[in-house]
Amino acid sequence: MSETTSTNEEKKLPLNGRRAIPPNNSNDEENEVPEMEAFGLIPRGFNPRDYLRVEDIYMFKEPHEINKQEHHTDKYYNPKLIVRRGQSFQIQIYFNRPYKPETDQFWLEYLMGRYPQQNKGTYIPILVGNAVKPGQWGAKIIHRENNSIRLSIMSSATCIIGKFRLYVAVLTPFGILRTRRNSATDTYILFNPWCQMDAVYLDDEKEREEYVLNDVGIVFHGNVEDIKSRSWSYGQFEENILDACLFLMDKAELELSGRGNPIKICRVASAVINSRDDNGVIAGSWNNSYDYGVAPSAWTGSVDILLEYYSSKQPVRYGQCWVFAGVFNTFLRCLGIPARLITNYSSAHDNNANLRLDFFLDDEGKVDTRLTKDSVWNYHCWNEAWMTRPDLPVGFGGWQVVDGTPQETSDGMYRCGPASVQAIKHGHVCFQFDAPFVYAEVNSDIFYTKMEKNGTQSVESVDTTHIGRLIVTKEVGGDGMMDITEEYKFREGSDEERLALETAVMYGVKKQGIQDTTYQPQTDVEMDFQAQKAVLGNNFKVTVTFRNKSRNSYTATTYLSGNIVFYTGVTKSEFKKHSFSAKLEPSSSSSFDIEIKSSEYMSDLLEQASFHFFVTARINETGKILAVQKATVLEIPTLRIKTKGELVAGKAMSVIVEFTNPLKQTLENVTLRLEGPGMLRTIKKQFGRIPMNSTLTWEVKFSPMRPGLRKLIASLSCDALRHVYGELNVQIQKP
């Protein structure tokens, strides 16, 4: 006897004085539920077999059966029942004899976690009645036949989401008889954008198909002048992904009772997607060296990352903004929260959130990289999730910005959002969470400030239109781009835009006005800069154009600085310095071409092939400075993908991936990846070397799993060349 008590003691968790029970924040843990819960002493003749007994429960959980069809969960590669909250589903219970409603009494119990409690929504007893109310827990019998009954069960539209355990309890005079623990009857309950009472309700069917059910998306990258796109496999329905997403909430230690609230889920998820401060899913790396990991550009989708994290419980290396956003999108769509991936071109990373990015110039008018701390990202990706915001005044529901990329801390952790897009547009940045930071990402001004020898600063030039030039997402139902800039900001220069800015300043966004500094720009000369579209490994030219609108002749001493940059706008090295004197005739334009040779940039090139040019010109007659900056991206060659054989579900076919090396050097240690959601799990292959101008061919044989329109996505990665992608849409026929 003594032995058993000691083991029981060990199982009990230490309590503390503040809580009656330990925190209940794991969906995976379980408590033991007795099969016979006696009301007192049980008489000797009692035989449980004399009473109503459950022999079997049929869950209608196959993809083609009523539950998964009606709840839009038939795509999940998961054998268990998956339903959405606030909508009825059916199960059939087989008893040992016909059910007699006059004398028999039974009920259902749904349990979650180790310490189920009714008031926390983790223990849900459901009595069987005659009618069910929409959006509230209840059950009614819809069919009786021989020893079986069929139930329609309604879940609450606000219930917590996750995996519930199901028990059927039967009342006898001497105690409660329960079914055995049976994992086959486990039921996943998810958010329901189809249900008007759900906080994530979305009323447009085409948008629901895109933002909840589409398992591939597009990431827009490059820069404003040269927008590039690539596909990303979200794979939210693939095997084990749902469990991996639920595990993320356990990892973030989100109390089970809070898991019905999309605001809480988004906030904790934005912290756990990155590995800073909580050992979350992805370790970021922006320094171009990816030892012991995968280069961010090599990933083709979220599935490999989530499954690796789910099994290793250690951060997966490495990610950059689109990887964090891609995985976050999978998480949200998998749980049923409508979500989309956003790209903001010329995104401000404003270290002190004063709505102004300071670029300091030295005596010669060149940018001083030592003093300049703020940076402009060529682009930055984040997510929007759709939900109501009962915690904010009316009108701020709808799309909310959430960002898993670790940039700045919020309430002590690297996380961002949810911040209402509507609040950002109107400047109401007082509303939680992190609206001032997002407002600055899309609205900052660039100040070119000259540091004098005596330490004083003079503002030489201000650019109010460079930041947040274009904000885009994938269009609904197609692969094109949708411009959503107007959802974040009013038109540049409009009255509404000024008003929104004044509102933001009133609510505490720090903005240093131009009036704080002496600033008289040179207004009668304009300077513009253009870069020719160029292919990686080739020479190209850039052009500086002056328009002298005055009647005076001017001379301009002009500096061009070409830098190889990370896509975050941080400089790695300056590869081109060029200065010239430009004679500006009255009322005329003059252009100056500068050639950029491949030999100047190839040795230092970073993976996104991004350049950043600063051009500063001093008008000698007035001493005024003109400044312009521009990012430009080289064309990177693509992979070619084609198929061979019949495209029929369950039948063998081949995919052929081809690549020709365009560089004047041999590529070494090349990794290729290929995946197709619903068709092909990720396959990797290493190639030792690809000599210049030679073509690599890789054939993969497989049998597609499911019919329908599918997408194949491939990537190539090696130290000398990254961000090489290819994709192909394929229509898989039914067998």
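Counting from 1, one number per residue, gives the positions in the sequence shown under UniProt numbering. Note that the Cβ used here is the ideal one computed from N, Cα and C, for glycine as well. This structure is a prediction, so every number in the text was calculated from the model and none was measured.
Quick check on DSSP: helix, strand or coil for Leu355? Here residue 355 is taken as the residue at index 355 of the sequence shown, counted from 1. If DSSP states are grouped into helix, strand and coil, Leu355 belongs with coil.
Going by DSSP, what residues sit across from Lys133 in a beta bridge? As a working note, residue 133 is residue 133 in the sequence shown. According to DSSP, Lys133 bridges with nothing at all.
Short of 8 Å in beta carbon distance, which residues of its chain neighbour Ala139, apart from the five on each side in sequence? Order them along the chain. Locating residue 139 in the sequence shown gives position 139, counting from the first residue. These residues qualify, in order along the chain: Leu108, Ile126, Leu127, Val128, Gly129, Val132, Leu151, Ser152, Ile153, Met154.
Quick one: grab the DSSP three-state call for Tyr601. Sequence index remark: in the sequence shown, residue 601 carries index 601 (1-based). Helix.
Extent of the continuous beta strand (DSSP E) run through Met506: Counting from one through the sequence shown, the residue named residue 506 turns up at place 506. For Met506, there is no enclosing beta strand (DSSP E); the enclosing alpha helix (DSSP H) covers residues 495-506.
The ligand GTP and Gln118: does any heavy atom of the ligand fall closer than 7 Å to the residue's C-beta? This structure lacks the ligand GTP, and indeed carries no ligand of any kind.
Exposure label - Asp358; buried when at least 16 CB within 10 Å: Locating residue 358 in the sequence shown gives position 358, where the first residue counts as 1. Under this definition Asp358 is a buried residue.
Using the C-alpha atoms, what's the distance from Arg85 back to Glu255? The sequence position of residue 255 within the sequence shown is 255, counting from 1. The sequence position of residue 85 within the sequence shown is 85, counting from 1. If you take the alpha carbons of Glu255 and Arg85, they lie about 19 Å apart.
Checking 8 Å against the spacing of the C-beta atoms, do Ser703 and Ala652 come in under that value? Sequence index remark: in the sequence shown, residue 703 carries index 703 (1-based). Sequence index remark: in the sequence shown, residue 652 carries index 652 (1-based). Yes, the pair counts as a contact, with Cβ atoms nearer than the cut-off.
Endpoints, alpha helix (DSSP H) assigned at Asn661: In the sequence shown, the residue the question calls residue 661 occupies position 661. Asn661 -> no alpha helix (DSSP H), and no H or E assigned at all.
The beta strand (DSSP E) spanning Pro418 covers which residue range? By one-based count along the sequence shown, residue 418 stands at place 418. Looking at the DSSP string, the run of the beta strand (DSSP E) that includes Pro418 is 416-420.
Return the residue from the list Thr103, Lys68, Arg97 that minimises the CA-CA distance to Ile91. For the purposes of this step, residue 91 is taken as the residue at position 91 of the sequence shown. Taking only the C-alpha atoms, the option nearest Ile91 is Lys68.
Determine the direct distance from the alpha carbon of Ser579 to that of Ala627, and round the result to whole angstroms. Counting from one through the sequence shown, the residue named residue 627 turns up at place 627. Counting from one through the sequence shown, the residue named residue 579 turns up at place 579. Approximately 14 Å between the Cα atoms of the pair.
List the endpoints of the continuous alpha helix (DSSP H) containing Gln69. Walking along the sequence shown from the start, residue 69 turns up at place 69. First-last of the alpha helix (DSSP H) with Gln69: 66-70.
So what's Ile732 in DSSP terms, helix, strand or just coil? Here residue 732 corresponds to residue number 732 of the sequence shown, with the count starting at 1. Correct three-state label for Ile732: strand.
Should the segment 242-261 be regarded as contacting the segment 406-414, the criterion being three or more beta carbon pairs within less than 8 Å? no
Need the endpoints of the alpha helix (DSSP H) that Lys251 sits in, please. Your numbering for residue 251 matches position 251 in the sequence shown. From DSSP, the alpha helix (DSSP H) with Lys251 extends over 241-251.
How should Met527 be labelled, buried or exposed, when 16 other C-beta atoms within 10 angstroms of its C-beta is the threshold for buried? Here residue 527 refers to the residue found at position 527 when the sequence shown is read from its first residue. Buried, since its Cβ has 16 or more Cβ neighbours within 10 Å.
In the structure shown, what three-state DSSP assignment does Asp304 receive? Translated into the one-based positions of the sequence shown, residue 304 becomes position 304. Of the three classes helix, strand and coil, the one that applies to Asp304 here is helix, per DSSP.
Under 8 Å between the Cβ atoms of Asn620 and Thr695? Here residue 620 refers to the residue found at position 620 of the sequence shown. Here residue 695 refers to the residue found at position 695 of the sequence shown. Taking 8 Å as the Cβ cut-off, Asn620 and Thr695 do not qualify as a contacting pair.
Compute the Euclidean distance between the alpha carbons of Asp483 and Gly726, then round it to the nearest angstrom. Translated into positions along the sequence shown, residue 483 becomes position 483. Translated into positions along the sequence shown, residue 726 becomes position 726. Whole-angstrom Cα-Cα distance: 24 Å.
Relative to the alpha-carbon of Asn552, which residue among Leu584, Leu560, Leu536 has its alpha-carbon at the smallest distance? Reading the sequence shown from its first residue, position 552 is the one you call residue 552. The candidate whose alpha carbon is nearest that of Asn552 is Leu584.
Let's test the definition: count the other Cβ atoms within 10 Å of the Cβ of His723 and tell me whether it reaches 16, buried, or not, exposed. For this step, residue 723 is matched to residue 723 along the sequence shown. Answer is buried; the Cβ neighbour count reaches 16.
In the DSSP assignment, find the beta strand (DSSP E) that holds Cys718 and state where it starts and stops. For the purposes of this step, residue 718 is taken as residue 718 along the sequence shown, with counting starting at 1. First-last of the beta strand (DSSP E) with Cys718: 708-718.
For Ile160 and Ala720, the rounded distance between their alpha carbons: In the sequence shown, residue 720 corresponds to position 720, counting from 1. In the sequence shown, residue 160 corresponds to position 160, counting from 1. Cα to Cα, Ala720 sits roughly 48 Å from Ile160.
Tell me where the alpha helix (DSSP H) around Cys321 begins and ends. One-based indexing of the sequence shown puts residue 321 at position 321. Here the alpha helix (DSSP H) through Cys321 covers 321-335.
Taking all protein chains shown into account, decide if His64 is buried (16 or more other Cβ within 10 angstroms of its Cβ) or exposed. By one-based count along the sequence shown, residue 64 stands at place 64. So His64 counts as exposed.
Secondary structure at Val442, three-state DSSP: helix, strand or coil? On the sequence shown, position 442 is the one that residue 442 refers to. Three-state DSSP puts Val442 in a helix.
Secondary structure at Ile149, three-state DSSP: helix, strand or coil? Position 149 of the sequence shown holds residue 149. Secondary structure at Ile149: strand, using DSSP grouped into helix, strand and coil.
State the Cα-Cα distance for the pair Tyr167 and Thr179, rounded to the nearest angstrom. Here residue 167 is taken as the residue at index 167 of the sequence shown, counted from 1. Here residue 179 is taken as the residue at index 179 of the sequence shown, counted from 1. When rounded, the distance between both Cα atoms is 6 Å.
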